[in-house]
Every structure is written in C-alpha cells, then in structure tokens.
Amino acid sequence: PPPPGGSREGAGGLNVGGWAFAVPRGKLAQFPESLLGQAAAGSAGQRLFLDRDGYAFRHVHYFLHTARLSGGSGLELPLLYEQAGLLRLAPLLQVPGGGGRRGRGPPPPPPLPPPPLTRLSRRAWTT
Numbered sequence: 001p002p003p004p005g006g007s008r009e010g011a012g013g014l015n016v017g018g019w020a021f022a023v024p025r026g027k028l029a030q031f032p033e034s035l036l037g038q039a040a041a042g043s044a045g046q047r048l049f050l051d052r053d054g055y056a057f058r059h060v061h062y063f064l065h066t067a068r069l070s071g072g073s074g075l076e077l078p079l080l081y082e083q084a085g086l087l088r089l090a091p092l093l094q095v096p097g098g099g100g101r102r103g104r105g106p107p108p109p110p111p112l113p114p115p116p117l118t119r120l121s122r123r124a125w126t127t
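For the sequence shown, UniProt numbering begins at 1 and goes up steadily by one.
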C-alpha cells in the first residue's frame, strides 16, 4: 500500500536511526537549502540513511508534512532543534518556541523564590 500522505512513486524513503519514514519528494523540494532537500534532489529512487535519533526525528517528519510542530514535541525541543540545525532546516528553527536559540530550545522559566522561613513551636516537635 502507498505510504500515508503520498504515492509510492513520489515518496522519498528515509531511514533515520532504524526508523522508516516516507516523505513525498515534492515536500523535500520545498527545503532546497536543507540537507534533506539536497539529498533528495540527487538520489532519485534511493533510500536515504541518517545516523540520527529516529524517535526524535518523528517531529521533523511531522514538520515536513505540515509546516507545524506536533503537539507532543514540547519535551523534546532541544533534540528537535539540534536535528533541525544539523539538517539545515532553517524554517523549523524559526517555528515559535525556538526563539532563534539554535539547538537549545526555548529559554527556561525564571527560578521560583525560596519559601519563607517559619518558626515552629516546641510542641510541634513532640509526639
């Protein structure tokens, strides 16, 4: 059966860390400056192998199809932006949440102030 989102003829096969992905070559052609776009242009009919984390690459795969981040990518933003930087996917680095912090994800929230000290009576310690 054809892979979701495209026909078998126009799909570029990707093997990322042992995970198989199919991306229509037309989608990869939308990112000609990226390593994926360049590799797809020069490898008609060949499967591309990437030595990257396939589990984290699923978010890149979702982005290639939709131009949006998936809902579950929040916890893996550092890995996602690292992969985007290595693959030279500049549009993914500019998605809200990245803040131009290549490979590092969004800035952490400010630390909470310490709780106030309270004095306990001696009776609080007796049992």
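By construction, the Cβ of each residue, glycine as well, lies at the ideal position given by its N, Cα and C atoms.
Between which two residues does the alpha helix (DSSP H) holding Gly12 run?
Working through the sequence shown from its first residue, we reach residue 12 at position 12. Careful: Gly12 lies outside any alpha helix (DSSP H), inside the beta strand (DSSP E) at Ala11 to Val16.
Between the segment 8-26 and the segment 46-56, are three or more C-beta pairs nearer than 8 Å?
Cβ pair count under 8 Å is three or more, so yes.
With a cut-off of 8 Å, do at least 3 Cβ pairs link the segment 36-43 to the segment 72-84?
Too few Cβ pairs lie closer than 8 Å, so no.
Output needed for Val95: all residues of its chain with C-beta closer than 7 Å, excluding positions within five of it in sequence on either side, in chain order.
Position 95 of the sequence shown, counted from the first residue, corresponds to residue 95. Leu69, listed in sequence order.
Buried or exposed: which applies to Pro24, given that a residue is buried once 16 or more other Cβ atoms fall within 10 Å of its Cβ?
Taking the first residue of the sequence shown as position 1, residue 24 is located at position 24. So Pro24 ends up on the buried side.
Name the residue from Tyr81, Pro91, Gly12 and Leu89 whose alpha carbon lies nearest to the alpha carbon of Gln49.
Counted from its first residue, the sequence shown places residue 49 at position 49. Note that residue 49 corresponds to Phe in the displayed sequence, not to Gln. Checked all of Tyr81, Pro91, Gly12 and Leu89; the closest Cα to Phe49 is Gly12.
DSSP state of Phe31, grouped into three classes?
Translated into the one-based positions of the sequence shown, residue 31 becomes position 31. Looking at Phe31 - three-state DSSP - the assignment turns out to be coil, as it is neither helix nor strand.
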